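In this note's numbering, the protein residues as written are 31 to 346.
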C-alpha cells in the first residue's frame, strides 16, 4: 500500500507476505474484542444496564461475566479458524489490491483519480478475499458463540458438520450482506487511509521524508477503520445474524434466538423487534475494534512491506 513511483515494480510476493503477516499479528491482539462484538451483535435483548433480561448489558459487565462462566480462554474461542481466516483474507486482499493498483498506474487516464482508483481496487480486493475465505468466517462465528457445551469441536469438524446438516450452501450463509458490507468497507478503508497518508506527510510529527512515521500510519489506519465501520455497520450485524441461522441450539442460555431467512427479512425483523437502534447493536466494541485493527493492520503491513523492500533492495 505504499505510494510508490510509477517506474518501481514491487514483486507480487511482497504484498502477499506483508498482508499475511499483518493479518495474523492483528488477529492475535484483537481476538477478545471480536468475541465480545459478535456476542453483542447476536443478542436480541437490549444491551443496556436497565434491561434485566439481557445476558450482556455493557462491555464492563460482559468481560467479567464471560471470564466467570467460561474462563479467559473464551476470548480466544474460534481463534484457529480466525487465524486461518485472517491469513487467507490478508494474503488475498493486499495481494489483489497491490496488483490492481500497479496495473492502474499503467493507464494515464487514472493518474488524477487516485481516490477513486483506491476505492475500486479496495472494493474488488475485499470482495475477492471474502468469497474465498467465507467458510472459515462461518465456522469462526459459530465457534465464538457456542457456550461450554460444544457443538463444533474444531475447525474441520465445524466445516464437515455444516455440510452434513445444511449442505454446502451452509458455508455461504450471509454471503450477500457480507459482500454488500465488505466491498464498501474495504474500498473506504483503502481510499481514506491513502488520502490521510498523503495529507499527514506534511504534519511534522506524523511524516518523515515523504513517508509516514509509525504514529502517522496508526492515526491514518485508525481513522479509516472508524469511519468505514460506521457507514457499513448495519450490514455487518445482518451478516452475523444470518451466519447463525441453523445453529441456534448452541446459544441456549445466551437469550432469545433471532430468526431470519434473508438480508431483507433480517434488516426488517431487527428494526421491528429492536427498533432502528437495533441495527447498531454492538457498535461501540465494533468501532473500538475497527479503529485498533485498522491501525495495527496497516502499520504491520507498511512496516513488513518496507522491511522486505529493503531486504531485496527494491526502491519504495
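From the three backbone atoms N, C-alpha and C, an ideal C-beta is built for every residue, glycine too.
Nothing here was measured: the structure is a model prediction, and the numbers come from that model.
Buried or exposed (CB count within 10 angstroms, at least 16 for buried), residue i
| i | result |
| --- | --- |
| residue 141 | exposed |
| residue 232 | exposed |
| residue 58 | exposed |
| residue 35 | Low local confidence applies: a pLDDT of 44 at residue 35 is under 50, so the model's placement there is unreliable, and no value is given. |
| residue 183 | exposed |
| residue 342 | exposed |
| residue 111 | buried |
| residue 321 | buried |
Residue from the options whose Cα sits closest to the Cα of residue i
| i | options | result |
| --- | --- | --- |
| residue 286 | 263, 99, 168, 70 | 70 |
| residue 122 | 153, 92, 97, 309 | 153 |
| residue 265 | 230, 294, 172 | 294 |
| residue 254 | 165, 148, 291, 200 | 148 |
| residue 68 | 169, 337, 117, 44 | 169 |
| residue 171 | 76, 274, 150, 139 | 274 |
| residue 75 | 176, 310, 128 | 310 |
Straight-line gap, residue i to residue j (C-alpha atoms, nearest Å)
| i | j | result |
| --- | --- | --- |
| residue 119 | residue 94 | 31 angstroms |
| residue 113 | residue 54 | 6 angstroms |
| residue 313 | residue 260 | 8 angstroms |
| residue 329 | residue 52 | 8 angstroms |
| residue 187 | residue 195 | 12 angstroms |
| residue 32 | residue 332 | Reliability of the predicted coordinates at residue 32 is poor, the pLDDT of 49 falling under 50, and the value obtained from them is presented with this limitation in mind. Roughly 7 angstroms separates the two Cα atoms. |
| residue 80 | residue 158 | 42 angstroms |
| residue 276 | residue 63 | 25 angstroms |
| residue 44 | residue 262 | 30 angstroms |
| residue 242 | residue 230 | 7 angstroms |
| residue 344 | residue 42 | 12 angstroms |
| residue 24 | residue 191 | Any property of residue 24 remains undetermined from this structure, which presents the chain solely from 31 to 346. |
| residue 348 | residue 162 | For residue 348 there is no data in the structure shown, the boundaries of the chain being 31 and 346. |
| residue 297 | residue 209 | 15 angstroms |
| residue 400 | residue 126 | With the chain covering 31 to 346 only, the question about residue 400 has no answer from this structure. |
Expected contact under 8 angstroms - CB spacing of residue i and residue j to nearest Å
| i | j | result |
| --- | --- | --- |
| residue 61 | residue 105 | 6 angstroms |
| residue 66 | residue 82 | The pair is not a contact, with the Cβ atoms about 20 angstroms apart (cut-off 8 angstroms). |
| residue 269 | residue 290 | Between residue 290 and residue 269 the Cβ distance is about 11 angstroms, and since that is not below 8 angstroms, they are no contact. |
| residue 225 | residue 145 | 6 angstroms |
| residue 325 | residue 252 | 4 angstroms |
Cβ of residue i within 8 angstroms of any chain D Cβ
| i | result |
| --- | --- |
| residue 333 | In summary, chain D is missing from the structure at hand, where a single protein chain is found. |
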